[in-house]
Amino acid sequence: MTYVRYKFRYISVVIIALWFGDNAQAESAVASAHPAATLAGKEILEAGGNAFDAAIAVAAALAVVEPYSSGIGGGGFFLLHNQKEGVNLFVDAREEAPGKATAGMYLDSSGDFVRDRSLNGPLAAAIPGLPAGLVYLSENFANLTLQENLMPAIRLAREGFLTGDRYEKMAGYRAPALRLHKDAAKIFLDQGNVPKAGFRVIQKDLAETLQAIAVSNGESFYRGDLARKMVDSVVSDGGIWRIEDLENYEVKIRQPLVSSYHDVKIISSPPPSSGGIALIEALNILERYDLKKYERDTYIHLVVEAMRRAYRDRADYLGDPDFVKVPVKELSSQIHADLLASSISDTEATPSSSLPQIGSRPKGTDTTHFSIVDRLGNRVAATLSINIPFGAAITAEGTGVLLNNEMDDFSAKPFTPNTYGLVGADANAIAPRKRPLSSMTPTFLEGTDRIAIMGTPGGSRIISMVLISALDFINGAEPIEMVSSKRFHHQYLPDQIYFEKDGLTSSEQESLSKKGHKLKESGRNYGNMQVIVIDKADGSVDAASDPRGEGSSVVW
Ligand code: GLY
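For what it's worth, our numbering labels the leading residue of the sequence shown as 147, then goes sequentially.
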């Protein structure tokens with residue numbers, strides 16, 4: 147594959163964007179999963195930074211204050227719109243399997259999958275991509291220096307931040323794993339106990355690490371002192387990282403996927419995200435229906451059937467495009483949508499077992515999201531991850547870098563579900579230097595009069611959440627309605643509609659059961675969506691942060 151390397155340097159003068167005719171973009175906005183990160187973005191925009199500077203600041207701040215969601219030891223995807231150049235591009239800063247990774251590395255001597263190895267401790271950790279992503283944004287798009295953009299995060303790490311209910315919940319869930327690693331427990335727990343809301347988490351080592359990344363432009367992390375420290379720590383704990391794994395890491399610049407749903411342009415995430423293709427496939431199927439004419443129960447049924455088919459293809463075909471041929475064109479084609487839609491009944495659920503089994507074709511969160519727009523019209527939608535809360539629950543000693551457990555996003559064994567219950571075939575098998583398939587789906591929607599910048603964490607349910615809220619946006623929903631949409635989900639296997647607490651009314655449940663759907667209610671709400679909507683006529687902006695989370699949005 148050829149990577150087009152865009153080299154834009156932003157000129158640090160105020161350019162009046164011509165996008166709105168004679169009107170400049172009227173407002174800027176940041177929406178993120180944590181108020182301290184939203185403020186970091188605002189601080190940088192007010193200091194003369196653009197949306198890309200703010201993205202560096204927000205991503206780094208989230209890495210400090212949401213250690214359960216993303217981090218310097220993790221990775222992610224940045225979907226960018228460069229207004230001046232009129233281009234969209236996708237920065238793939240996804241983690242990569244270490245060079246010594248093997249397809250069977252999580253199987254025991256009987257060939258059984260040992261989940262603990264792919265989730266906890268040093269073997270679960272892939273090579274981090276986030277620092278390289280931040281350096282890439284800094285070198286190619288930023289107005290301010292990396293040091294300036296990392297400063298809010300360095301301050302938060304050095305001076306500490308106060309934990310909230312979410313921290314308490316996530317730390318409670320991961321405390322048993324965190325307690326196994328002295329360094330991680332010391333940083334993230336309160337003398338071995340789950341910190342109560344209001345506890346101050348100070349990360350002095352992480353502050354030094356961020357400072358070293360700023361000063362060395364990432365060199366220290368991938369080639370210098372930090373790289374050596376991390377490898378020594380991982381290896382002494384039983385992991386397989388080598389210094390060359392870090393040296394070899396680079397972000398990959400990919401073309402976003404572009405499609406349309408009626409007159410709305412969809413710009414979304416290409417592989418190794420599965421999100422863009424699944425979103426486009428589902429929307430293509432749904433475009434064949436006049437959705438407005440259906441009652442809500444049948445609407446949900448049809449959306450679920452589209453999800454079922456899109457997730458089936460995800461399981462069968464998708465993997466790192468640098469290792470497997472992903473039939474992007476075919477999967478997002480209208481002919482494929484016709485074929486998939488032809489098996490949908492308005493009145494009856496299609497059992498997943500009746501669809502072609504995955505692997506039968508011939509061989510050939512806890513994550514975070516933020517959205518930003520600046521006054522020039524530049525946009526960023528970024529979804530970042532360390533995988534499940536607190537990643538592998540282990541830090542590289544002395545660096546404050548919490549390691550991810552993104553290796554669990556590979557298919558460790560065909561048909562054996564990962565932690566999100568997702569199954570996969572060979573396309574997503576483990577291989578050295580391969581990137582695990584992701585569900586992260588940062589997306590732009592460009593309608594005739596409005597543009598949305600959106601995304602959410604939520605593991606396998608990211609794609610269905612983006613689909614539901616995209617359909618709501620297309621129907622005229624405002625940002626607060628988009629982030630509040632009731633959530634239901636189908637991922638092909640297990641063959642059931644999973645829905646959040648109060649996600650379906652009892653009459654919808656009854657009607658869907660009658661159509662033959664199995665239903666499973668989650669005991670809680672899920673997702674943490676961050677949305678910005680721009681009015682194309684006057685450049686005004688509206689933003690919203692998911693009421694299920696503790697994030698915030700600002701518009702000014
Ligand atoms: N780790 C969640 C995802 O990338 O889908």
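Backbone N, C-alpha and C define an ideal beta-carbon position, used for all residues, glycine too.
Residue span of the alpha helix (DSSP H) that contains residue i, given as start and end
i       : result
Phe-367 : 365 to 368
Arg-460 : 442 to 463
Gln-357 : 350 to 362
Asn-286 : 276 to 287
His-482 : 480 to 488
Thr-529 : Note, Thr-529: premise wrong, no alpha helix (DSSP H); beta strand (DSSP E) at 525 to 531.
Ser-630 : 625 to 630
Glu-294 : 292 to 305
Tyr-319 : 311 to 325
Ser-500 : Run containing Ser-500: none; DSSP gives neither H nor E here.
Glu-241 : Note, Glu-241: premise wrong, no alpha helix (DSSP H); not H, not E.
Phe-619 : 608 to 620
Leu-208 : 197 to 211
Glu-192 : 181 to 192
Lys-664 : Per DSSP, Lys-664 belongs to no alpha helix (DSSP H) and is neither H nor E.
Val-265 : Rather than Val, the amino acid found at residue 265 in this sequence is Leu. Start and end: 261 to 265.
Opening and closing residue of the beta strand (DSSP E) in which residue i lies
i       : result
Ile-333 : Premise fails: Ile-333 lies in the alpha helix (DSSP H), 328 to 334, not in any beta strand (DSSP E).
Gly-711 : Nothing about residue 711 can be reported from this structure: the residues present for the chain run from 147 to 702 only.
Arg-596 : 596 to 600
Tyr-395 : Note, Tyr-395: premise wrong, no beta strand (DSSP E); not H, not E.
Val-519 : 514 to 519
Ala-172 : Neither: Ala-172 is in no beta strand (DSSP E) and is coded neither H nor E.
Thr-589 : 589 to 592
Asp-681 : 676 to 681
Lys-475 : No beta strand (DSSP E) holds Lys-475; the alpha helix (DSSP H) holding it covers 474 to 477.
Lys-375 : Unbroken run through Lys-375 is the alpha helix (DSSP H), 371 to 382; no beta strand (DSSP E).
Phe-223 : 221 to 228
Check: residue i C-beta below 8 Å from any heavy atom of the ligand GLY
i       : result
Ser-606 : yes
Asn-533 : yes
Pro-582 : yes
Asp-555 : yes
Tyr-672 : no
Thr-513 : yes
Glu-552 : yes
Met-611 : no
Ser-585 : yes
Tyr-566 : yes
Pair within 9 Å by beta-carbon distance, residue i and residue j
i       : j       : result
Ala-276 : Phe-536 : Correcting the residue type first, residue 276 is Leu in the shown sequence and not Ala. No, Cβ-Cβ distance for Leu-276 and Phe-536 is not below 9 Å.
Glu-624 : Ala-179 : no
Gln-401 : Leu-235 : yes
Ala-272 : Ser-517 : no
Gly-685 : Glu-192 : no
Asn-574 : Phe-590 : no
Asp-774 : Ile-333 : Given a span of 147 to 702 for the chain in the structure shown, any question on residue 774 remains unanswerable.
Thr-587 : Ala-360 : no
Ile-431 : Leu-486 : yes
Ala-636 : Glu-451 : Inspection of the sequence shows that residue 636 is occupied by His rather than by Ala. Result yes, Cβ atoms of His-636 and Glu-451 sit closer than 9 Å.
Ala-239 : Gly-195 : no
Ile-504 : Ala-461 : yes
Val-474 : Pro-416 : yes
Ser-420 : Ser-585 : yes
Ile-399 : Gly-523 : no
Pro-268 : Asp-383 : yes
Asp-554 : Pro-578 : no
Gly-344 : Leu-308 : yes
Asp-520 : Ile-534 : no
Leu-265 : Thr-514 : no
Ser-379 : Thr-545 : yes
Lys-682 : Ile-597 : yes
Gly-219 : Leu-548 : yes
Lys-489 : Arg-455 : Lys is not the amino acid found at residue 489; the sequence shown has Ser there. Going by C-beta atoms, Ser-489 is nearer than 9 Å to Arg-455.
Asn-671 : Glu-646 : yes
At least 3 beta-carbon pairs within less than 8 Å: the stretch 217 to 234 vs the stretch 377 to 394: no
Stretch pair the stretch 239 to 254 + the stretch 315 to 329: three plus CB contacts closer than 8 Å: no
Any 3 or more C-beta pairs closer than 8 Å across the stretch 601 to 610 and the stretch 672 to 690: With the cut-off at 8 Å, the stretch 601 to 610 and the stretch 672 to 690 touch.
Segment contact, 8 Å Cβ cut-off, at least three pairs: the stretch 302 to 317 with the stretch 284 to 294: no
Given 8 Å, three or more beta-carbon pairs between the stretch 475 to 495 and the stretch 411 to 430: Segments in contact, yes.
Validate contact between the stretch 369 to 377 and the stretch 294 to 306 using beta carbons, cut 8 Å, 3 pairs: no
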